[in-house]
Each structure stands twice: as C-alpha cells, then as structure tokens.
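*Asks:* Counting with my numbering, you get residues 508 to 758 for the letters of the sequence shown. The C-beta atom is built at its ideal place from N, Cα and C for all residues, glycine as well. Next up is a structure, given as structure tokens.
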Amino acid sequence: AVAYLTNSQYGRCPNGSCEEVRINNLGNYVTGSSAVNPPTCGYTGSNENCNKYDWNTLGQNTDYVNNYSNSASVVSSTTGNYYGVYDMSGGAWEYVMGVMLDKEGKPASGRNNNYNSNFVGTLTYPTDGTETTKTTWTETDRGLQWPDKRYYDTYAYGETDQEYARGLFGDATKELGTFYSVKYKDTTTSKDVVRRVSEWNADDAFFVSFGAPWFNRGGNFAFGADAGTFAFNSNYGRAYSSNSFRVILTP
C-alpha cells in the first residue's frame, strides 16, 4: 500500500506527475539517507559515476549522498517529507512474507539445509548439488510452524525467475506492465551486464523460482536506477548481514 501511494494522486503525485522515490545509496545501511542526484544506470558491479554510492560516515555529506541529518534527504521518503517511510528504495534488500509453493502446493522453506527461512517446509534445491529429489522438513525435525495464511502471500511453483504470470494483482508484481531486459556496461570488466526490469520506473524484476523461493524488495544501495519501491528479486530465505526485512503493522 505504501509503494502504491508513491505513485498516487493521494501521495507524491498530486499534480498528475510523479517523482520517483530517491534511492538510499549509503553503503553503511543508515536509514533516511538519499542519493544527491537520481542514478542514470542500473547495477553493473562497479561504482560508476552514473550509479555512485558512498560509504560515507554519519553526519557527513558528500557529492553523492545526503545523510539523514540533511533536509535534502526527504526525497527518499515515500511522501517527500519527514513523515513518510524511508528505505523503500535502495539501502538494504528487504525480505517480505512472499514465498513460492512447491509442486504439491506447500510453501517452501528455502533452497537447502544451509539456505532457508527456518520455517518447516520444502527445500527446493539439493543440498550438495547432486540430489534429484526434493527434501522435506517435518515437524519432528527443526523449524518454525507457518503463521496463519493471511499473514503471507504464496506464488505458484516455477523453474525460472522470469515466469511473471505467477504474480498477484495488488502486490506490485503482476500489474507492473511489460518486463524486459536492459544491458549495462561494467566499466571494471568491460563486459555487458543484463538486468531484468519492469515497466514501472525500470525497477529490478526477478521472480521467485526453484532455486530462490523468497521475495525481497526495494533493491540495494548500489543498484542505482534498478532500485525502487517496486523493485523485487528472489532469495533463499536465510539471513544475511546485507538484508533487512519489512514489517507491516495491521490494526
């Protein structure tokens, strides 16, 4: 709901035009920071001027980052002022309770024994890369029981991260228009980097799949134009120091 309001006349678009929520491009994972200028390219694996991020320290401002203490950082708020939600674009990838189902219609715990969410459920990829059958955790093994179904979204089983028809209306996946590929030049390696993006702000768009059954949102501080409130990607479900999670409070 917060993401949709950023593209609504009741949010950041009162006059019929919208300015995209600015990326938090601070590599220290400090909330409330913003890029000084909108990035002009997506993630290429290198720290280019068109996609500049910074490991700036608290309270400092550079040519590339407005720290949260700078009033200019409100461009990274969902409302364009201090009262909005920050870090919906960039910062850290944020896990959400959106998970792929296995072939039997059960929610997946994660990829394998080492990369999972710790919920009781199917492991979608072999532990050692040689098994050909799925592994299932049972209640007598380890893991948490799933909450009530109203507290998480599920998506049909898929083999690739480009099967977008499995998206749901209302969760910022299926209605994001045409999905297409963009090519960026990695100036470090001189190789082309191909990314999948949606029609909405050209945000990152890789769907949950067999190898990575959990959704995360928003992008990373280094993702440049690919980061955004409508960016989504897939992951294994396990914890990472570079990943956060998005909490939703329902009265």
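1) Which residues in the same chain have their Cβ closer than 7 Å to the Cβ of threonine 667, if we skip the five residues on either side of it in sequence?
2) Between which two residues does the beta strand (DSSP E) carrying valine 701 extend?
3) For alanine 672, does the count of other Cβ atoms within 10 angstroms reach 16, so buried, or fall short, so exposed?
4) My guess is that threonine 736 and valine 528 are in contact by the Cβ rule of under 8 Å, so how many angstroms apart are they, rounded?
5) What's the C-alpha gap between valine 572 and asparagine 625?
6) Near arginine 703, what residues of its chain come up, given a Cβ to Cβ distance below 7 Å and the 5 sequence neighbours on each side ignored?
7) Count the other CB atoms within 10 Å of the CB of valine 701; is the residue buried (16 or more) or exposed (fewer)?
8) Distance, Cα to Cα, methionine 746 vs asparagine 723?
9) If you compare alpha carbons, which of Asn621, Ser576, Asn522, Gly605 is closest to asparagine 740?
10) Buried or exposed, going by whether 16 or more other CB atoms sit within 10 Å of the CB of valine 581?
11) Any idea what DSSP makes of arginine 724, helix, strand or coil?
12) In the DSSP assignment, find the beta strand (DSSP E) that holds valine 603 and state where it starts and stops.
13) So tryptophan 600 and glycine 725 are supposed to be a Cβ contact under 8 Å. How far apart are they, rounded?
14) Please classify alanine 579: is it buried, with 16 or more other beta-carbons within 10 angstroms of its beta-carbon, or exposed?
15) Quick check: the Cα distance between serine 697 and phenylalanine 730, rounded to an integer number of angstroms?
16) Go to valine 689, then tell me how far its beta strand (DSSP E) extends in each direction, as first and last residue.
17) Does the Cβ-Cβ distance between glutamate 709 and alanine 734 come in under 8 Å?
18) Under 8 Å between the Cβ atoms of glycine 718 and threonine 631?
*Replies:* The answer reads as follows:
1) Answer for threonine 667: Ser716, listed in chain order.
2) DSSP places valine 701 in the uninterrupted beta strand (DSSP E) bounded by 698 to 704.
3) Exposed, by the Cβ-count rule.
4) The C-beta separation of threonine 736 from valine 528 comes to about 5 Å, placing the pair in contact by the 8 Å criterion.
5) Straight across, the Cα-Cα distance linking valine 572 with asparagine 625 is about 36 Å.
6) Here the set comprises Gln669, Phe686, Ser688, Ala712, Phe713.
7) Counting Cβ neighbours within 10 Å, valine 701 comes out exposed, since fewer than 16 surround it.
8) For clarity, residue 746 is alanine in the given sequence; the question names methionine instead. For alanine 746 and asparagine 723, the distance between alpha carbons rounds to 12 Å.
9) Minimum Cα distance to asparagine 740 is reached at Gly605.
10) Valine 581 is buried by the Cβ-count criterion.
11) Reduced to three states, the DSSP call for arginine 724 is strand.
12) First-last of the beta strand (DSSP E) with valine 603: 600 to 607.
13) Cβ atoms of tryptophan 600 and glycine 725 come within 8 Å of each other, at about 6 Å.
14) Flag for alanine 579 reads exposed.
15) Straight-line Cα distance between these residues: approximately 18 Å.
16) In the DSSP annotation of this structure, the continuous segment of the beta strand (DSSP E) that includes valine 689 starts and ends at 687 to 693.
17) Note that residue 709 is alanine in the sequence shown, not glutamate. Against a cut-off of 8 Å, the Cβ pair of alanine 734 and alanine 709 comes out as no contact.
18) Yes, Cβ-Cβ distance for glycine 718 and threonine 631 is below 8 Å.
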